[in-house]
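There are 2 protein chains.
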Amino acid sequence: MNAARQLHLGAFMRPVSLHTGAWRYPGAYPDANFSFARLKSFALKLEAAKFDAFFMADHLAVLNMPIEALRRSHTVTSFEPFTLLSALAAVTERIGLVATASTTFDQPYHVARRFASLDHISAGRAGWNIVTTSNPDAARNFGLDEHVEHGERYARAREFFDVVTGLWDSFADDAFIRDAESGIFFDPERLHVLDHTGPELKVRGPLNIARPPQGWPVIVQAGQSEPGRQLAAETAEVVFCSPRDLSAGKALYADIKGRLAAVGRAPDSLKILPAAFVVIGDTVEEARARRLRLDSLVHYDSAIASLSIALGHDASGFDPDAPLPPIPETNDSKTGRAQVLKLAEEERLTVRQLAQRYGGYAGLAFVGTVDTVADEMAAWLEEKGSDGFNVVFPYLPQGLDDVAERLVPELQRRGLFRTDYAGQTLRDHLGLSRPKNRFFE
Amino acid sequence: MNAARQLHLGAFMRPVSLHTGAWRYPGAYPDANFSFARLKSFALKLEAAKFDAFFMADHLAVLNMPIEALRRSHTVTSFEPFTLLSALAAVTERIGLVATASTTFDQPYHVARRFASLDHISAGRAGWNIVTTSNPDAARNFGLDEHVEHGERYARAREFFDVVTGLWDSFADDAFIRDAESGIFFDPERLHVLDHTGPELKVRGPLNIARPPQGWPVIVQAGQSEPGRQLAAETAEVVFCSPRDLSAGKALYADIKGRLAAVGRAPDSLKILPAAFVVIGDTVEEARARRLRLDSLVHYDSAIASLSIALGHDASGFDPDAPLPPIPETNDSKTGRAQVLKLAEEERLTVRQLAQRYGGYAGLAFVGTVDTVADEMAAWLEEKGSDGFNVVFPYLPQGLDDVAERLVPELQRRGLFRTDYAGQTLRDHLGLSRPKNRFFE
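As they're listed, the protein sequences go chains B and H. Per the UniProt record's numbering, the very first residue in the first sequence carries number 1; after that it's consecutive. Per the UniProt record's numbering, the very first residue in the second sequence carries number 1; after that it's consecutive.
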């Protein structure tokens, strides 16, 4: 079995799940946002299942939502990614640790240092999810009244990336001699002062930390806009994306992989890992029932707004327990409306259930038995829809246990997933090479 | 024995010691700046010895020094404090974890979040060493050509403290209901939006993390200037300082404690813990010989500049192996010159040895047997020179083992130090009360 044909699996984590009703699901831990012990148990299970990475979602603000939604949301509090992943680094051995850090609201010297330090502490398991932070509420927590404009955010992100990677390359790998006899700790000839001056950033350097064990922590990118795709093609080694189905996944995969040649990169130097919400049951019907039960825990008052947005039409006057009434098509909302209608028909959902789906989690989902989900994942890999997935667990711990203890063994049986880690670093797991130092041989 | 009369002990750490020659000392770990395993072993030993806290020193730049000194310096690389202390939180149970964070080169939302997260991860063991960062090389790593002026740094620090503590108070302690049945996760009436607009900072809030277990992580301050002392009296719960002897320590102690009443604070609400370099031997002579051996590992070329600075006189032309020649007194350097002359006479040091002392570690030192060092520490406590010490280990691991396994048992035998932790949090260890939430009862 060619290792390149195997899936890569990340766990896209919030402590209680991304699904807003998850903290109410039977067996869930409503205190997981406060409990490192819970997070440690999740990381250990994911490592036992040989996941590539634990990927920590993040926001730089309490999300702006109506009070009825906000007071029902477990997302108002969570751990900060660097502190959480560093703590997890100390109690795990092999799993990768991907932290989100914003190029809009942080400083490259801080970001370079924290990732380098995490990479040293974890012996080469760090990854940086580069985000430009599109949430306008975040801007107001960092001294700005209005959000930074999209184009400017991406220009800064590109330069920020150059500065951070340049700082990581401050020392050659062989700079540290540490010869106690002669007293020479390192060779200053093997130290580079970056002295960067650009349109957005001015950073002298050098970094006051040795080059990370991985050379650079793995670069992860999540943007799907045009500048986001281009930034990914130029800089990313993992793309985290959200195509709604295999057809959209194949188009995105072909587009991003197609951009690599133009910037002189090999197709394998970038892995595309869509988010996938995975619900497992003993039967397909049981899995669907579990999902409906989970969705039913989303409060209708906070969910109906999400449906209205998806439809491009105010749904608040509809009968919640009836099927979706006919809705006039407008130019604004063609795609969204078509998706809702398709979902309503396929799953025969009421207005309430549709609202709860959009208020809970409405992205790509694999809902079925270990067999049907393994079939779907295999099809994505085979048909070049992705190189694996960032799994979103519907509820924790049960949803994670279902994947780690039931789905993963089936994927391993089929030769679609590793049975053990072959290497030590996150780059090893992902089959990514160690970047050359741009300043030193 | 009244608990209030016991010493508090912090460990002021850099991975290889603050002393620049320490990485060359017999048995030292020259790789400690790269090895989490070493740091973990230090933290576990300090916790077994019941230390109050592990205190991580920090710099935001490679220090500017002549190449001959730089290439011999182990300080060019180190761990970043948040990542290191979070990792240590996961492998320890009780010891406090104090991180340095700069108010000049960071954002209050980030700082508030990281400390709150560390406090949650460690179950109430975080402390914030507030620094304004006086190193001009740091400014150049954060987009500035010149360093921020002293007064402006302190004005920003004061406002920064108000914002960070205000963000920590975003949620009342009882805000999180987490009632799965009703679906109410928290009570928005128990959430405060800070909406701070001041001369230096504009931060909306709320913080997206629950109030820290300690209410606020313990506030540590290190400045000894006039604005530094005033900031400490207004905000600090621990003062980290460097008086050169007991007489200077008593004056500083009386000054800072004396300022507390004017701001409505009790004397016990602030602990003064000077840095103390502790070298233990079986005899006083052995301890002194160890220190001379350690100093001898500092390279003369890089040490002589430090002696010139201390003297206020160029010492580079002196015979290194002769006693200090007579030096004319100038107005600029009265105190420094007097100190060097006193040291030269007391310990009968050559120019080389004096240079190596100033190039290594020239602050307050207790050098002797466990008995003589315990006597000195007891005198400081008795005579109100301090409430304990931040111990600087001359070399690691031996210097730490000497304190943890030999000095601490003697202090415990005398009733001067705890034999076990009485509480769980760093506030418990230090005898500090939990701050009230300024927005909620």
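Every residue gets a Cβ at the ideal spot worked out from N, C-alpha and C, and that includes glycine.
When secondary structure is reduced to three states using DSSP, histidine 147 of chain B falls in the coil class, being assigned neither helix nor strand.
Separation of the CB atoms of arginine 211 of chain H and tryptophan 168 of chain H is rounded to 6 Å, and the pair is thereby assigned contact status at 8 Å.
The beta carbons of alanine 49 of chain H and alanine 275 of chain H sit no closer together than 8 Å. Against chain H, the beta carbon of glutamine 107 of chain B has neighbours under 9 Å at Phe105, Asp106, Gln107, Asn141, Phe142, Gly143, listed in chain order. Scanning the segment 222 to 268 of chain B for uninterrupted beta strand (DSSP E) segments of 3 residues or longer gives 238 to 241, listed from N- to C-terminal end. At least one beta carbon of chain H lies nearer than 8 Å to the beta carbon of histidine 120 of chain B. The beta carbon of arginine 414 of chain H lies closer than 8 Å to those of Ala374, Ala378 in the same chain, with the five residues before and after it left out. For the pair of segments examined, the segment 355 to 364 of chain B was found not to touch the segment 223 to 231 of chain B: the number of CB pairs separated by less than 8 Å stays below three.
Within the segment 89 to 151 of chain B, the beta strand (DSSP E) runs of at least 3 residues that lie entirely inside it are, in chain order, 96 to 102, 126 to 131. In the same chain as alanine 61 of chain H, and ignoring 5 residues on each side of it, the C-beta atoms closer than 7 Å to its own belong to Asn135, Asp137, Ala138, Asn141, in chain order.
The beta carbon of alanine 303 of chain H sits closer than 6 Å to those of Ala355, Gln356, Gly359, all from its chain and outside the five residues before and after it, given in chain order.
Contiguous alpha helix (DSSP H) elements confined to the segment 313 to 362 of chain H occur at 334 to 347, 351 to 360, taking only those with 4 or more residues. Two segments are said to touch when three or more pairs of C-beta atoms, one from each, lie closer than 8 Å; by this definition the segment 23 to 32 of chain H does not touch the segment 417 to 433 of chain B. Here methionine 56 of chain B is not near threonine 83 of chain B, since their CB atoms are 8 Å or more apart. Below 8 Å, too few C-beta pairs join the segment 67 to 83 of chain B and the segment 396 to 412 of chain B to call them touching: fewer than three. Distance from the CA atom of proline 326 of chain H to the CA atom of alanine 305 of chain H, rounded to whole angstroms, is 18 Å. Note on glycine 423 of chain B: under 16 other CB atoms within 10 angstroms of its CB, so exposed under the neighbour-count rule. Residue range 398 to 402 is occupied by the alpha helix (DSSP H) that includes glycine 399 of chain H. For leucine 432 of chain B, no chain H residue has a Cβ inside 7 Å of its Cβ, as the nearest lies near 22 Å away. Here DSSP, grouped into helix, strand and coil, assigns aspartate 169 of chain B to coil. In this structure, leucine 201 of chain H lies near valine 163 of chain H, with their beta-carbon atoms less than 8 Å apart.
By the neighbour-count criterion, in which 16 or more other beta carbons inside 10 Å mark a residue as buried, arginine 5 of chain H falls on the exposed side.
Beta-bridge partners assigned by DSSP to aspartate 295 of chain B: none are found.
Chain H places a beta carbon closer than 8 Å to that of phenylalanine 36 of chain B, counting this residue as a contact.
At a Cβ-Cβ threshold of 8 Å, valine 279 of chain B and valine 367 of chain B count as neighbours. Among the residues facing chain H, lysine 202 of chain B is included, as its CB has a counterpart in that chain under 8 Å away. Using a CB distance cut-off of 8 Å, glycine 127 of chain H does not count as an interface residue toward chain B. Between phenylalanine 440 of chain H and arginine 190 of chain H, the C-beta spacing is below 8 Å. When C-alpha distances from aspartate 282 of chain H are compared across H:Thr369, H:Pro108, H:Leu88, H:Asn64, the shortest belongs to H:Thr369. In the displayed model, histidine 19 of chain H falls within coil according to three-state DSSP, outside both helix and strand. It is roughly 11 Å from the alpha-carbon of serine 117 of chain H to the alpha-carbon of tryptophan 216 of chain H.
The residue among H:Arg71, H:Cys241, H:Pro435, H:Ala344 with its C-alpha nearest the C-alpha of asparagine 129 of chain H is H:Cys241. Here the alpha carbon of alanine 32 of chain H sits roughly 18 Å from the alpha carbon of leucine 70 of chain H.
Secondary structure note for isoleucine 67 of chain B: it is in no beta strand (DSSP E), and the uninterrupted alpha helix (DSSP H) holding it is 67 to 70. For alanine 422 of chain B, there is no enclosing beta strand (DSSP E), since its DSSP letter is neither H nor E. Residue state for phenylalanine 51 of chain B is assigned as coil, using DSSP reduced to three classes.
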